[in-house]
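Written below as structure tokens is the structure these notes are about.
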């Protein structure tokens, strides 16, 4: 028996697909070279934009023709499209999904694929390590809180053990993944069981206290991410990266850790989305353009040779020419190394 995985979307989806591959391998299956040489096709979906959904529908339509020739071929759909459908308590979204792509044999929530097996990594030198799943920030353009649910952090020690293992296996680079890595550990701290976990870490982390970021005049959620990043950096990888970060959760302690360890990335991905304050408010992004620029300057002042990449949405609801020009001006001030620019995708009501 063979399986073939097609992945759409972000790095988190790529990491999820590596775990899906491990689950199939544990069942005695082998990875196929393509659609024509497999028993199972797993489609790991993205729905950030309508075009991402449309590609999934088109692929299933093409695979349906293969099913006519091979009745044993099974199509499994997972990822964000399925996550949204299963979190819809009315069942309407799942029903519409089944009507839209009726030849799919199984809709599998990604949560069913755990961390019981070592991922089948696609690179021999670089490894993705998911540190959390989901997001508690409801940016008005983003569906992630509905597709992946509330943020859940993996246990601290579990992440460190995975990092140690891949270091022994010869991996030179590692990237820590989360929808918002900066807020890693907030749920662990709030959980009553955290006291037990904390005691196990005392020998490794001195002055182990949750870190709070002050924003808009108040302290936001507690985080453990600076500690986690430091522990991974200490393992001796040639490069330690992390994505993605929210500007309002970027702590001074995190800046200090990055500055301290030269093997931590010197290219930080810091999504701005817009350089206009009115658009940022409509997006429910919790910072102004000046606050974003102040954070950039603070990081530049403390870390030499630092570069920035970002995400930008063009044409967000009601964006005027003047608001767009404010984004252009912000980009000129920052001097981004790279910007991932997307036209806003209007979505129908589900």
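In my numbering, the protein residues as written are 30 to 379.
Note that CB positions come from ideal geometry on N, CA and C, so glycine has one too.
- Scanning its chain for C-beta atoms nearer than 6 Å, with the 5 sequence neighbours on each side dropped, one finds around residue 195 the residues 156, in chain order.
- Counted as a single uninterrupted DSSP element, the beta strand (DSSP E) harbouring residue 336 occupies residues 336-343.
- Counting the other Cβ atoms within 10 Å of the Cβ of residue 100 gives fewer than 16, which makes it exposed.
- In the displayed model, residue 301 falls within coil according to three-state DSSP, outside both helix and strand.
- The straight-line gap separating the alpha-carbon atoms of residue 374 and residue 270 is approximately 29 Å.
- In this structure, residue 268 keeps its C-beta atom at 8 Å or more from the C-beta atom of residue 191.
- DSSP places residue 210 in the helix class (H, G or I) of the three-state scheme.
- For residue 115, the enclosing alpha helix (DSSP H) has its first and last residue at 109-116.
- Around the CB of residue 316, 16 or more other CB atoms lie within 10 Å, so the residue is classed as buried.
- Linking residue 282 to residue 62 through their CA atoms gives a straight-line distance of about 46 Å.
- Here residue 69 carries a strand assignment [DSSP, helix/strand/coil].
- The C-alpha of residue 138 lies about 6 Å from the C-alpha of residue 112.
- Proximity to residue 263 across 293, 60 and 342 peaks at 293, based on C-alpha coordinates.
- Nearest C-alpha to residue 286 among 146, 261, 90 and 197: 261.
- Across the structure, residue 153 and residue 352 are spaced so that their CA atoms are roughly 44 Å apart.
- Segment contact: the stretch 175-191 against the stretch 86-99, fewer than three CB-CB distances shorter than 8 Å; contact not assigned.
- The three-state reading of DSSP puts residue 62 in coil, since its state is none of H, G, I, E or B.
- Shortest Cα-Cα distance from residue 199 to any of 150, 207, 216 and 180 involves 150.
- Here the C-alpha atom of residue 304 lies approximately 16 Å from the C-alpha atom of residue 366.
- Residue 271 sits in a strand when the DSSP states are folded into three classes.
- For residue 153, there is no enclosing alpha helix (DSSP H), since its DSSP letter is neither H nor E.
- In the DSSP annotation of this structure, residue 332 is not part of any beta strand (DSSP E), being labelled neither H nor E.
- Where residue 290 is concerned, there is no enclosing beta strand (DSSP E), because DSSP gives it neither an H nor an E.
- Beta-bridge pairing by DSSP links residue 372 to 343.
- Rounded to whole angstroms, the gap between the alpha carbons of residue 144 and residue 48 is 7 Å.
- Taking a contact as a CB-CB distance under 8 Å, the pair residue 242 and residue 278 counts as one, their CB atoms being some 5 Å apart.
- Ranked by how close their Cα comes to the Cα of residue 105, the residues 35, 334 and 204 have 35 in first place.
- In the DSSP assignment, residue 279 is bridged to no other residue.
- For residue 34, the enclosing beta strand (DSSP E) stretches over residues 31-36.
- Residue 349 sits exposed, since fewer than 16 C-beta atoms from the chains shown fall within 10 Å of its C-beta.
- Taken through DSSP and simplified to helix, strand or coil, residue 203 comes out as strand.
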